[in-house]
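Residue numbers for the sequence shown follow the numbering used here, so the first one is 6 and each next one is one higher. All C-beta atoms, glycine included, are put in the ideal place defined by N, C-alpha and C. None of the values given here were measured: they were computed from a predicted structure.
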Amino acid sequence: MQLHGLHHITLVTADARRNVDFYTRVLGLRLVKKTVNFDDPGSYHLYYGTEDARPGSLVTFFEWPGASPGRPGIGGTHHFALTVADRDALLRWKRRLTDLGIAVRGPYDRTYFTSIYFRDPDGQVVEIATKGPGFTVDEPLEALGTTVQTPPAEHAKGTRDQAAIEAETWPEPVPAITDAMRLDAGMHHLSAISADIERTHAFFGDLLGLRRVKMTSNYDDPGSAHGYWGERYSQMLWMRPSGSASCCSVQAACLAASIGSPS
Numbered sequence: 006m007q008l009h010g011l012h013h014i015t016l017v018t019a020d021a022r023r024n025v026d027f028y029t030r031v032l033g034l035r036l037v038k039k040t041v042n043f044d045d046p047g048s049y050h051l052y053y054g055t056e057d058a059r060p061g062s063l064v065t066f067f068e069w070p071g072a073s074p075g076r077p078g079i080g081g082t083h084h085f086a087l088t089v090a091d092r093d094a095l096l097r098w099k100r101r102l103t104d105l106g107i108a109v110r111g112p113y114d115r116t117y118f119t120s121i122y123f124r125d126p127d128g129q130v131v132e133i134a135t136k137g138p139g140f141t142v143d144e145p146l147e148a149l150g151t152t153v154q155t156p157p158a159e160h161a162k163g164t165r166d167q168a169a170i171e172a173e174t175w176p177e178p179v180p181a182i183t184d185a186m187r188l189d190a191g192m193h194h195l196s197a198i199s200a201d202i203e204r205t206h207a208f209f210g211d212l213l214g215l216r217r218v219k220m221t222s223n224y225d226d227p228g229s230a231h232g233y234w235g236e237r238y239s240q241m242l243w244m245r246p247s248g249s250a251s252c253c254s255v256q257a258a259c260l261a262a263s264i265g266s267p268s
């Protein structure tokens, strides 16, 4: 009995129609299921994922009309990330989203991958992250997650070249999602918030058996610990908190781990 990473994440939207338009038309995800919340039959439950709706690719939403914005904090998620092939595809996404009037931050070099960040219509932070270069760039495979890796100064907030980062984009308009841009590799990771990183490891590592694959610091808050648990590109990341989370729109209702054989 082994957990192989994330199965799906469930979030909350205040408007299902607006949510579907954003995740299908803007991001190009497939709406693979529209049903009702089994625990709240009066509300919709939307599922987005790959063509085969495989575990690890699914992002789902409950619709709670009129829900007030949630608040990230202890026990809650900060953002989730979708996977793209490489940096060129990432820059194409930045240009496409920017041209659609969506504010984009990045691309940020996180050493193990490169990312951009933006918000969906409910205010949920969404990240698009590249597959590589991967977690073995600064420690061998057999030693992953055993020692703390310090973020390079040129990648950390306060010492990175923010003006150059924000200026970098694809040189031409990207009116349509190309094959190279498709977000069909599934979820890259989700980032959540913990009050105690070692207690988090005792739960996800010791109790649930997920491998800790990296110990580092938050590149955007170098004073806080940042741990990675999971398999392949389906990771759970935990950061230092500030207050408790409240679950409404912009906050996750739940996350699920996969126990099937990894694909």
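Top-ranked residue by Cα proximity to residue i, from the options
| i | options | result |
| --- | --- | --- |
| arginine 187 | Asp45, Phe85 and Ala94 | Ala94 |
| glutamate 144 | Ile133, Thr221, Val131 and His50 | Thr221 |
| glutamate 203 | Gly232, Ala190 and Leu195 | Gly232 |
| proline 156 | Pro70, Tyr117 and Glu173 | Tyr117 |
| glycine 278 | Tyr224, Pro227 and Val218 | This structure leaves residue 278 out entirely; the chain is present only between 6 and 268. |
| threonine 152 | Leu36, Lys39, Ala230 and Thr29 | Ala230 |
| proline 176 | Asn42, Arg97 and Ala158 | Arg97 |
| lysine 162 | Tyr113, Gly75 and Gly78 | Tyr113 |
Identity of the residues DSSP links to residue i by a beta bridge
| i | result |
| --- | --- |
| aspartate 226 | Asn223 |
| valine 130 | Arg124 |
| arginine 2 | This structure cannot speak to residue 2, because the chain is shown only from 6 to 268. |
is_contact[residue i, chain C] using C-beta, thresh 8 Å
| i | result |
| --- | --- |
| methionine 186 | Here chain C cannot be found, since the structure has a single protein chain. |
Distance, residue j Cα to residue i Cα
| i | j | result |
| --- | --- | --- |
| arginine 100 | valine 179 | 6 Å |
| leucine 11 | serine 62 | 9 Å |
| histidine 13 | aspartate 184 | 23 Å |
| tyrosine 238 | glycine 191 | Caution applies to tyrosine 238, whose pLDDT of 40 falls short of 50 and renders its modelled position unreliable; the value that the coordinates give is listed next. Straight-line Cα distance between these residues: approximately 9 Å. |
| glycine 111 | alanine 197 | 20 Å |
| arginine 216 | glycine 80 | 20 Å |
| alanine 72 | leucine 105 | 25 Å |
| histidine 84 | isoleucine 133 | 10 Å |
| threonine 135 | tyrosine 28 | 19 Å |
| leucine 146 | proline 138 | 13 Å |
| histidine 160 | phenylalanine 209 | 28 Å |
| leucine 212 | aspartate 226 | 28 Å |
| threonine 174 | glutamine 129 | 22 Å |
| alanine 257 | glycine 228 | With a pLDDT of only 48 at alanine 257, under 50, the local geometry of the prediction cannot be trusted, and the value read off the model is given with reservation. One C-alpha to the other measures close to 25 Å. |
| tyrosine 52 | serine 120 | 24 Å |
**Study point:** Every unbroken beta strand (DSSP E) inside the segment 41-122 [3 residues or more]
**Key:** 45-54, 63-68, 82-89 and 110-114
Review point. What runs of the alpha helix (DSSP H), each 4 residues or longer, lie entirely inside the segment 188-214?
Key: As far as the segment 188-214 is concerned, its whole alpha helix (DSSP H) runs of at least 4 residues are 202-206.
Exercise for review: Please list the segments of the beta strand (DSSP E) lying wholly inside the segment 132-180, counting only runs of 3 or more residues, in order along the chain.
Suggested key: Runs of the beta strand (DSSP E) lying entirely within the segment 132-180, each at least 3 residues long, are absent.
Review point. Is the segment 18-25 touching the segment 118-132 in the sense that three or more CB pairs, one from each, lie closer than 8 Å?
Key: yes
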